[in-house]
Amino acid sequence: MTLQELEQAAVGCGLKPFVGRQLADWLYSKKVRDWDGMRNLSKQAKAVLSERFDLGTARPEGVAVSVDGTKKYLFAAGCGKVGADGSPSQFIEAVMIPEEDRRTLCVSSQAGCKMGCAFCMTGRQGWHGNLDAAAILNQFVSVDEAAELTNAVFMGMGEPLDNPDEVFRAIEVLTAPWGFGWSPKRITLSTIGVLPNLRRFLDGCRCHLAVSLHNPFPEERAEMMKAEKLYPLEDIIRLIREYDFSGQRRVSFEYTMFSGWNDDKIHADALSRLLRGLECRVNLIRFHKIPDFGFNTSPDVVIEAFKERLNNNGTICTIRTSRGEDILAACGMLAGKHLS
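Each residue of the sequence shown is one higher than the one before, counting from 22 in the numbering used here.
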């Protein structure tokens, strides 16, 4: 709930509006997980509130720890689907990535994904439901590192702009002074470029943008990313050029490297032409092998040469460090589990 909604909820329970502000402080700033932890609320207030409302928090169902310190958390998705025994049948994953003084949470916004990118385990499992804002925010407050998180990337399971209302609501809570109080600069949203929700995001949010690009040639991109036919890359780039990225908000383009498919000079030069004049960065990503998919990642020497060619062409380019591959937590490897 927003602050106004929390205040309305308090009034609806016969309490004063300031109780709503107290609730926001406990839920979002202090990140308490139970009513008993709200020490400045009266027993009567907690009794009436708990009878009518649920805090919306749920512990992880499991956690896996990588040799590099990355942690992958498994959560019940909260999509309303249950198995024969009444237990959740849909699950999502969130990944905590530690790096020096940063703790970044890779957040899921859907159980599965409709986009169907051929190289992504999430997309290959299909779509099982949208997460509501509570299920998204629960990932922030229920990981062991909740008090240490410094950044967030909406790069987990799902396409954030295919679930815009709940994702934007979660971002409002994350960035509002009555919420988590985070700067939008601490948050990056990754998308394949769902139009017109991309425009909604660019108009209404100051968070960073990351676009899954992967190939500068539309015909080839469509072979791996069927969404290219519905949301053409050229239209996405044309829209992004309408906005100013020379200040605090950044746009980057994610480019997964596949050996012999998109990693040669022709693709590097075409990528530079596509992005010429745009204040941006290209992040090269090593492809992480998944079952029943014939492509391999480009050799390191090829990735380095691709990066150097882009940089020499005037396109800022970096190579993203792979994290958590041993626990299937790296880019494109999140699948959770889903039961029939």
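Cβ coordinates follow ideal geometry from the N, Cα and C atoms, glycine included.
When burial is assigned at 16 or more other CB atoms within 10 Å of the CB, is residue i buried or exposed?
{"i": "I287", "result": "exposed"}
{"i": "D153", "result": "buried"}
{"i": "Q25", "result": "exposed"}
{"i": "V322", "result": "exposed"}
{"i": "G202", "result": "exposed"}
{"i": "K310", "result": "exposed"}
{"i": "G101", "result": "Residue placement at G101 cannot be trusted, given a pLDDT of 47 that sits under 50; the coordinates are not used to answer."}
{"i": "G107", "result": "Confidence at G107 is low in this model, with a pLDDT of 46, below 50, so its placement is unreliable and no value can be given for it."}
{"i": "F112", "result": "buried"}
{"i": "K93", "result": "buried"}
{"i": "S375", "result": "Residue 375 is absent from the structure shown; the chain starts at 22 and stops at 361."}
{"i": "G147", "result": "exposed"}
{"i": "S50", "result": "exposed"}
{"i": "S204", "result": "exposed"}
{"i": "G58", "result": "exposed"}
{"i": "G298", "result": "exposed"}
If you compare alpha carbons, which of the options is closest to residue i?
{"i": "K206", "options": "V162, R270, D285, R341", "result": "R270"}
{"i": "D183", "options": "L251, A173, L292", "result": "L251"}
{"i": "F316", "options": "T342, L292, F279", "result": "F279"}
{"i": "N61", "options": "T91, M176, L48", "result": "L48"}
{"i": "T339", "options": "D347, I348, E346, A326", "result": "A326"}
{"i": "R42", "options": "I113, V116, V69, G200", "result": "G200"}
{"i": "S343", "options": "A79, N172, T277", "result": "T277"}
{"i": "A115", "options": "V174, A197, E72", "result": "V174"}
{"i": "P119", "options": "I113, D265, V164", "result": "V164"}
{"i": "C34", "options": "S63, S267, R73, D46", "result": "R73"}
{"i": "L216", "options": "P185, L76, A356", "result": "P185"}
{"i": "P81", "options": "H149, V53, A156", "result": "A156"}
{"i": "G281", "options": "F308, L299, K52, R259", "result": "F308"}
{"i": "R341", "options": "N304, E329, C138, D347", "result": "N304"}
{"i": "M245", "options": "I113, A85, A139, K92", "result": "A139"}
{"i": "K328", "options": "L76, R302, E263, L349", "result": "R302"}
{"i": "G77", "options": "W56, K92, V86", "result": "W56"}
{"i": "Y264", "options": "D290, A30, L230", "result": "L230"}
{"i": "F96", "options": "R190, V162, S204", "result": "V162"}
{"i": "E255", "options": "G147, L296, A356", "result": "L296"}
{"i": "A197", "options": "C226, G298, I337", "result": "C226"}
{"i": "E121", "options": "T91, H149, A98, G150", "result": "T91"}
{"i": "A98", "options": "N151, L219, A30", "result": "N151"}
{"i": "G83", "options": "H235, Q160, T336, K247", "result": "Q160"}
{"i": "A356", "options": "N218, H149, N332, T336", "result": "H149"}
Beta-carbon within less than 6 Å of residue i's beta-carbon, same chain only, minus the 5 sequence neighbours each way: which residues are those?
{"i": "N334", "result": "S293"}
{"i": "R124", "result": "E166, E169, L170, T171"}
{"i": "C352", "result": "I306"}
{"i": "L27", "result": "G41, L44, A45"}
{"i": "P312", "result": "none"}
{"i": "D224", "result": "none"}
{"i": "I208", "result": "A173, C228"}
{"i": "S319", "result": "M278, S280, D284"}
{"i": "A191", "result": "A154, I157, L158"}
{"i": "K52", "result": "V162, A167"}
{"i": "E346", "result": "H309"}
{"i": "G144", "result": "C134, M136, G137, C138"}
{"i": "R54", "result": "T78"}
{"i": "I337", "result": "R302"}
Can you find the residues in the same chain that come closer than 8 Å, C-beta to C-beta, to residue i, ignoring five residues on each side of it along the sequence?
{"i": "V232", "result": "S211, T212, I213, G214, I257, I261, V272, S273, F274, E275"}
{"i": "A105", "result": "Model confidence at A105 stands at a pLDDT of 44, short of 50, so the residue's coordinates are unreliable; what they give is reported in the following sentence. Hits under 8 Å: none found."}
{"i": "L36", "result": "A66, V69, L70"}
{"i": "P253", "result": "P239"}
{"i": "D290", "result": "R330, N334"}
{"i": "F314", "result": "A139, F140"}
Less than 6 Å between the CB of residue i and some heavy atom of the ligand GDP, yes or no?
{"i": "N61", "result": "Although the ligand GDP was asked about, the structure shown includes no ligands whatsoever."}
I'd like the list of long-range same chain contacts for residue i, defined as Cβ closer than 7 Å, with 5 residues on each side in sequence excluded.
{"i": "R221", "result": "P185"}
{"i": "E249", "result": "P239, R242, A243"}
{"i": "E300", "result": "F266, S267"}
{"i": "D89", "result": "R344, G345"}
{"i": "A79", "result": "F96, A97, N159, S163"}
{"i": "K247", "result": "G137"}
{"i": "K38", "result": "Before going further, note that residue 38 is Pro rather than Lys in the sequence given. Only E28, A31, V32 meet the Cβ criterion."}
Rounded C-beta distance between residue i and residue j? I'm assuming under 8 Å.
{"i": "L158", "j": "V188", "result": "Going by Cβ atoms, the distance from L158 to V188 rounds to 11 Å, so no, they are not a contact pair."}
{"i": "I324", "j": "A85", "result": "With a Cβ gap of about 27 Å, I324 and A85 do not count as contacting."}
{"i": "M22", "j": "A31", "result": "That belief does not hold up - the Cβ atoms of M22 and A31 are roughly 10 Å apart, past 8 Å."}
Determine, for residue i, whether the minimum Cβ-Cβ distance to residues of chain C falls below 7 Å.
{"i": "A289", "result": "Chain labels in this structure do not include chain C; a single protein chain is all it has."}
Discussion item. Contact between the stretch 122-129 and the stretch 229-248 is defined here as three or more beta-carbon pairs at a separation below 8 Å; is this criterion met?
Written reply: No contact exists between the stretch 122-129 and the stretch 229-248.
Worksheet entry | Sufficient close CB pairs (3 or more, under 8 Å) joining the stretch 131-140 to the stretch 171-185 | With a cut-off of 8 Å, the stretch 171-185 and the stretch 131-140 count as touching, because enough Cβ pairs lie within range.
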